[in-house]
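Read the structure below first, then the notes.
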Amino acid sequence: MYVAVKGGERAIDAAHAWLAEERRGDPSVPELTVAQIREQMALAVNRVMAEGSLYDPDLAALAIKQARGDLIEAVFLIRAYRTTLPRFGASRPVDTAAMAVDRRVSATFKDLPGGQVLGPTFDYTHRLLDFALAAEGTPQPAPMAPAPDEPVPHVTGLLDRDGLIEQQPADDTPAPDLTRQPLELPASRALRLQALARADEGFTLSLAYSTQRGYGRTHAFVGELRIGRVAVEVELPELGFAVEIGEVELTECDTVNQFKGSKSEPPQFTRGYGLVMGQSERKAISMSLVDRALRWQELGEDFTGAPAQDEEFVLSHCDNIQATGFLEHIKLPHYVDFQAELELVRRMRREAVQMQEAAE
Amino acid sequence: MNAILTGGFADPSTQSAHAFRALLEAMARPGRIFTVAGAQPPAPISVAAGVALLTLTDSTTPLHLAGDADCEALRGWIGFHTGAPLVPAEQAQFALGGWEALQPVTRFRTGEPSYPDRSATLIVELDRLEPEGARLTGPGIQTEARLSLPETAAFRANRALFPLGFDCILTCGARLAALPRSTTVEDA
Amino acid sequence: MSQSSQPETTARREWISALAKAPPGRLAALLPDLPAHEMLRAPEIGTVMVQGRIGGTGVPFNLGEMTVTRCSVRLSEGAVGHACVQGRDKAHAARAAVADALMQTGAAPQIATQVLAPLRAAAARARATRAAKAAATRVEFFTMLRGEDA
Chain D
11 MYVAVKGGER
21 AIDAAHAWLA
31 EERRGDPSVP
41 ELTVAQIREQ
51 MALAVNRVMA
61 EGSLYDPDLA
71 ALAIKQARGD
81 LIEAVFLIRA
91 YRTTLPRFGA
101 SRPVDTAAMA
111 VDRRVSATFK
121 DLPGGQVLGP
131 TFDYTHRLLD
141 FALAAEGTPQ
151 PAPMAPAPDE
161 PVPHVTGLLD
171 RDGLIEQQPA
181 DDTPAPDLTR
191 QPLELPASRA
201 LRLQALARAD
211 EGFTLSLAYS
221 TQRGYGRTHA
231 FVGELRIGRV
241 AVEVELPELG
251 FAVEIGEVEL
261 TECDTVNQFK
271 GSKSEPPQFT
281 RGYGLVMGQS
291 ERKAISMSLV
301 DRALRWQELG
311 EDFTGAPAQD
321 EEFVLSHCDN
331 IQATGFLEHI
341 KLPHYVDFQA
351 ELELVRRMRR
361 EAVQMQEAAE
Chain A
634 MNAILTGGFA
644 DPSTQSAHAF
654 RALLEAMARP
664 GRIFTVAGAQ
674 PPAPISVAAG
684 VALLTLTDST
694 TPLHLAGDAD
704 CEALRGWIGF
714 HTGAPLVPAE
724 QAQFALGGWE
734 ALQPVTRFRT
744 GEPSYPDRSA
754 TLIVELDRLE
764 PEGARLTGPG
774 IQTEARLSLP
784 ETAAFRANRA
794 LFPLGFDCIL
804 TCGARLAALP
814 RSTTVEDA
Chain H
77 MSQSSQPETT
87 ARREWISALA
97 KAPPGRLAAL
107 LPDLPAHEML
117 RAPEIGTVMV
127 QGRIGGTGVP
137 FNLGEMTVTR
147 CSVRLSEGAV
157 GHACVQGRDK
167 AHAARAAVAD
177 ALMQTGAAPQ
187 IATQVLAPLR
197 AAAARARATR
207 AAKAAATRVE
217 FFTMLRGEDA
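Protein chains in written order, with our numbering: chain D, 11 to 370; chain A, 634 to 821; chain H, 77 to 226.
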């Protein structure tokens, strides 16, 4: 129960002023610019864009600055801003096969058309703190090599040719949109993927990890992970044709999973899919594992009660803005609720004492 | 071509906010007449209907055009200024036309018991809109309101579906009034 | 749509895209002075929902939105130009719309050589540099030992 109360404006104003001062920190230290955050904290910016569900690096960087580096608060700011913008339309589905790849690796095939391209990865770093970064300096320019002019086809296509992997035939079913319609269960796979694409990275990671540890096991291999830029093409009604209006950086993960076969399907590999805005491979891999675990019913597998298989559990709890909103509201005044609880406990204690006295 | 590309809001964020406020007030106070401005849609569409389209529709709100409203010029104008997809009556979230052209109004969506909001809003173009005639009572009306409606039977039938039903925005020139499903309509 | 196969549509699609993808500062430097024009649709910031396909090839789903700014103008001689550009730069959208209109007038050859050609060259260079850095991180496997366990 809520009760409207007045008062506290002066305290709130003072709290805001202090927040601004604390945000700035020691004024003898130079202030961060939004461009510095965008360029040098790029993976934090990517996370805020992915979970804020709005691709705009400058806005995400501003949100991080305003939120003092609290990424969930920054996501909240982006979500709130997004709701103020008119939506002009939807893009044509992006063609990730035509991605200009910065990184592309497969854990299932060593030799593949387009090659294994490591890109700017942390994978082979030693995870030792580099104290040289504590001093400022310009890094050595990255080496360059002649880029082969060859397509980089999806790895799963190689298995597709042999009929060893489930097909994902093209289809033009309009995509459901959970930002416009309330979530209804059971959800289509397209709706689940939209929810997972904007889901909290930590929650998605933990669920994916739980499937690896046996809670809804799916035996996943990373068929392919790719990071790079794709063109975004939009049909403009005033022109009557589609034009490329920009580029977004995406991370895509296709997992390949064992599948014993069912009454209708022969034994073959099945797939899980992850697609995330920005460079965010932990999230993309997690998303594809959770996507695959959620497909148990469609593939005729057993429900083992694992959290990652439970659509309602996953979709109702994966959004960190919904979660933090409900969680944090309990710190706001609940004076009347608590007064009622207090009365109740006092009465029960009185009654307990009376009953004890009566018994004696 | 010119009629298609002109006649939108010159200052969309401010003008659409004012128009939205007027539409909100109109829905909250059924029968009260409001004057709006800012749109010059192609003939035969009224300024008020143009304002409602610019404010309420976009590429995610399927729109049905009925009768005279279903003309080349308006289709182009809507495509350029709002991007609303044009659909048959049964799929529409919004519909625009004269009262006769919108018949039978029973074909429009009235929502589902768990989602009564999945219903159509009809923008009804009228030749006259005056505070006289049919008697309106219900939420948002202190005692009663009067409005020159084209008929009452259809609105009484719609009221009987509550909480399902369609909602109406009645437009005439630069003026509009609203008749939500919650309003009880009786003959004068 | 069916018109998209026509060569003039293809050409216009390409220049609208080059103008949309141009860095705003670079476009402003290449086209500093705009001819007189009327705003048919003043620059407006909004979003476009970006879609993907399940498995890269299957059913479409909504990935998330991106910010865009659109604008439509008419030059005094009547040519109409449209723009829809990524981001929130209203001046970029207006400049791109004017350039689209100019490309439909006698000024087209001049815009093509003085604005579009440098934009395309810069975009190709940026793309080639990234591709070359990626190519340098491509793994060349060599077999150290191959054999059967005894």
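Even glycine gets a Cβ: it sits at the ideal position worked out from N, Cα and C.
Roughly how many angstroms separate the alpha carbons of A:Leu803 and D:Gln332, rounded to a whole number? What you label residue 803 of chain A is simply residue 170 of the second sequence in a count that begins at 1. What you label residue 332 of chain D is simply residue 322 of the first sequence in a count that begins at 1. Approximately 38 Å between the Cα atoms of the pair.
D:Ala117 and D:Phe279 look like a contact to me (Cβ under 8 Å); what is the Cβ gap, rounded to whole Å? By one-based count along the first sequence, residue 117 of chain D stands at place 107. By one-based count along the first sequence, residue 279 of chain D stands at place 269. Actually they are not in contact, since the Cβ atoms of D:Ala117 and D:Phe279 sit about 13 Å apart, beyond 8 Å.
is_contact[D:Phe213, chain A] using C-beta, thresh 8 Å: Translated into positions along the first sequence, residue 213 of chain D becomes position 203. Taking Cβ atoms only, chain A never reaches closer than 8 Å to D:Phe213, which makes this a no.
Please report the residue range of the beta strand (DSSP E) in which H:Met125 lies. Here residue 125 of chain H is taken as the residue at index 49 of the third sequence, counted from 1. Looking at the DSSP string, the run of the beta strand (DSSP E) that includes H:Met125 is 113–129.
State yes or no: is the beta carbon of D:Phe98 nearer than 8 Å to at least one beta carbon in chain A? Position 88 of the first sequence, counted from the first residue, corresponds to residue 98 of chain D. It does; some Cβ of chain A falls within 8 Å.
Can you pull the DSSP bridge partners for A:Ala722? In the second sequence, residue 722 of chain A corresponds to position 89, counting from 1. None, per the DSSP bridge assignment.
Which of the three DSSP states, helix, strand or coil, is assigned to D:Phe279? Working through the first sequence from its first residue, we reach residue 279 of chain D at position 269. D:Phe279: strand per DSSP, three-state reduction.
Using the Cα positions of D:Asp187 and D:Pro96, report the straight-line distance between them to the nearest angstrom. Counting from one through the first sequence, the residue named residue 187 of chain D turns up at place 177. Counting from one through the first sequence, the residue named residue 96 of chain D turns up at place 86. D:Asp187 and D:Pro96: Cα-Cα distance of roughly 15 Å.
Name the residue from A:Pro772, A:Thr639, A:Ala728 whose alpha carbon lies nearest to the alpha carbon of A:Leu689. Residue mapping note: residue 689 of chain A aligns to position 56 of the second sequence, counting from 1. Out of A:Pro772, A:Thr639, A:Ala728, A:Ala728 has the C-alpha closest to the C-alpha of A:Leu689.
Can you check which of these residues, D:Glu211, D:Pro163, D:His26, is closest to D:Cys328 by C-alpha distance? Working through the first sequence from its first residue, we reach residue 328 of chain D at position 318. Among D:Glu211, D:Pro163, D:His26, the Cα nearest to that of D:Cys328 belongs to D:Glu211.
Which whole-angstrom value describes the C-beta separation of A:Asp800 and A:Thr754, a residue pair presumed to lie in contact below a C-beta threshold of 8 Å? The sequence position of residue 800 of chain A within the second sequence is 167, counting from 1. The sequence position of residue 754 of chain A within the second sequence is 121, counting from 1. At roughly 5 Å, the Cβ-Cβ gap stays under 8 Å, so A:Asp800 and A:Thr754 are in contact.
Ignoring anything shorter than 4 residues, give me the alpha helix (DSSP H) runs that lie fully in the segment 30–88 of chain D, in order along the chain. 44–50, 52–62, 67–76
With D:Arg57 and D:Leu72 assumed to form a contact (beta carbons below 8 Å), what rounded beta-carbon distance in angstroms separates them? Mapped onto the first sequence, residue 57 of chain D falls at position 47. Mapped onto the first sequence, residue 72 of chain D falls at position 62. About 15 Å; that fails the 8 Å criterion.
Starting from D:Gln319, follow the beta strand (DSSP E) in both directions and report where the run begins and ends. In the first sequence, residue 319 of chain D corresponds to position 309, counting from 1. It is not in any beta strand (DSSP E) - D:Gln319 carries neither H nor E in the DSSP assignment.
Check each candidate in H:Glu84, H:Lys97, H:Gln127, H:Phe217 and name the one with the smallest Cα separation from H:Val191. Against the third sequence, residue 191 of chain H aligns to sequence position 115. For the residues H:Glu84, H:Lys97, H:Gln127, H:Phe217, the minimum Cα distance to H:Val191 belongs to H:Lys97.
Hey, out of D:Ala144, D:Ala60, D:Ala157, whose CA is closest to H:Ala211's CA? Translated into positions along the third sequence, residue 211 of chain H becomes position 135. Residue D:Ala157 is the option with its Cα nearest to H:Ala211.
Please report the residue range of the alpha helix (DSSP H) in which H:Ala208 lies. For this step, residue 208 of chain H is matched to residue 132 along the third sequence. Unbroken alpha helix (DSSP H) run through H:Ala208: 193–212.
Contacts around D:Glu41, its chain only, beta-carbon distance under 8 Å, and the 5 residues preceding and following it disregarded: Looking up residue 41 of chain D in the first sequence gives position 31. Closer than 8 Å at the Cβ level, and outside the excluded window around D:Glu41, lie Arg34.
Beta-carbon spacing of D:Asp320, H:Val135 below 8 Å: Numbered from its first residue, the first sequence carries residue 320 of chain D at position 310. Numbered from its first residue, the third sequence carries residue 135 of chain H at position 59. Their beta carbons are not under 8 Å apart, which means D:Asp320 does not touch H:Val135 by this criterion.
Counting pairs of beta carbons, one from the segment 660–671 of chain A and one from the segment 765–782 of chain A, are three or more of them closer than 8 Å? yes
Below 6 Å CB to CB, which residues in the same chain sit around D:Glu254 once its five sequence neighbours on both sides are set aside? Here the question's residue 254 of chain D lines up with position 244 in the first sequence. Result list for D:Glu254: Ala241, Glu243, in chain order.
Tell me the DSSP secondary structure of H:Met77 in three-state form. Numbered from 1 along the third sequence, position 1 holds the residue referred to as residue 77 of chain H. Its pLDDT being 38, under 50, H:Met77 is placed unreliably in this model, and the value from its coordinates should be taken loosely. Reduced to three states, the DSSP call for H:Met77 is coil.
Within 8 Å, do at least three Cβ pairs link the segment 163–178 of chain H to the segment 105–116 of chain H? yes
Beta-carbon within less than 7 Å of A:Arg768's beta-carbon, same chain only, minus the 5 sequence neighbours each way: which residues are those? Locating residue 768 of chain A in the second sequence gives position 135, where the first residue counts as 1. Counting only Cβ-Cβ distances below 7 Å, and skipping sequence neighbours, we find Glu777, Arg779, Glu819, Ala821.
Could you say which of D:Ile88, D:Gly310, D:Ser220 lies nearest to D:Lys75 if we only look at CA atoms? Here residue 75 of chain D corresponds to residue number 65 of the first sequence, with the count starting at 1. Nearest of D:Ile88, D:Gly310, D:Ser220 to D:Lys75, Cα basis: D:Ile88.
Do we get a CB-CB distance below 8 Å when we pair H:Val215 with the residues of chain A? The count along the third sequence starts at 1 and reaches residue 215 of chain H at position 139. Chain A, which has no Cβ nearer than 8 Å to the Cβ of H:Val215, makes this no.
Are the C-beta atoms of H:Glu120 and some chain A residue less than 8 Å apart? Indexing the third sequence from 1 puts residue 120 of chain H at position 44. Cβ-Cβ to chain A under 8 Å: yes for H:Glu120.
Going by other Cβ atoms of all chains shown within 10 Å of its Cβ, with 16 needed for buried, is D:Glu291 buried or exposed? Counted from its first residue, the first sequence places residue 291 of chain D at position 281. Buried, because 16 or more other Cβ atoms sit within 10 Å of the Cβ of D:Glu291.
Roughly how far, in whole angstroms, is the beta-carbon of A:Val669 from the beta-carbon of A:Leu809, given that I think they are within contact range, below 8 Å? Locating residue 669 of chain A in the second sequence gives position 36, where the first residue counts as 1. Locating residue 809 of chain A in the second sequence gives position 176, where the first residue counts as 1. With 8 Å as the limit, A:Val669 and A:Leu809 qualify as a contact, their Cβ atoms being about 6 Å apart.
So, using beta-carbon positions, are H:Arg150 and H:Val156 closer together than 8 Å? Numbered from its first residue, the third sequence carries residue 150 of chain H at position 74. Numbered from its first residue, the third sequence carries residue 156 of chain H at position 80. Yes. Within cutoff.
With which residues is D:Tyr219 paired in a DSSP beta bridge? Here residue 219 of chain D refers to the residue found at position 209 when the first sequence is read from its first residue. Looking at the DSSP assignment, D:Tyr219 forms no beta bridge with any residue, so it has no partner.
Does the segment 144–160 of chain D come within contact of the segment 196–215 of chain H, defined as at least 3 CB pairs closer than 8 Å? yes
Are there 16 or more other CB atoms within 10 angstroms of the CB of D:Glu353, so buried, or fewer, so exposed? For the purposes of this step, residue 353 of chain D is taken as residue 343 along the first sequence, with counting starting at 1. Exposed: under 16 other Cβ atoms inside 10 Å.
Grouping DSSP H, G and I as helix and E and B as strand, with all else coil, what is D:Gly284? Position 274 of the first sequence holds residue 284 of chain D. Strand, per DSSP.
Establish whether the CB of D:Glu262 and some CB of chain A are separated by less than 8 Å. The sequence position of residue 262 of chain D within the first sequence is 252, counting from 1. Chain A contact via Cβ: absent.
Would you call the CB atoms of D:Leu64 and D:Arg20 closer than 8 Å? Position 54 of the first sequence, counted from the start, is the residue given in the question as residue 64 of chain D. Position 10 of the first sequence, counted from the start, is the residue given in the question as residue 20 of chain D. For D:Leu64 and D:Arg20, no; Cβs fall outside 8 Å.
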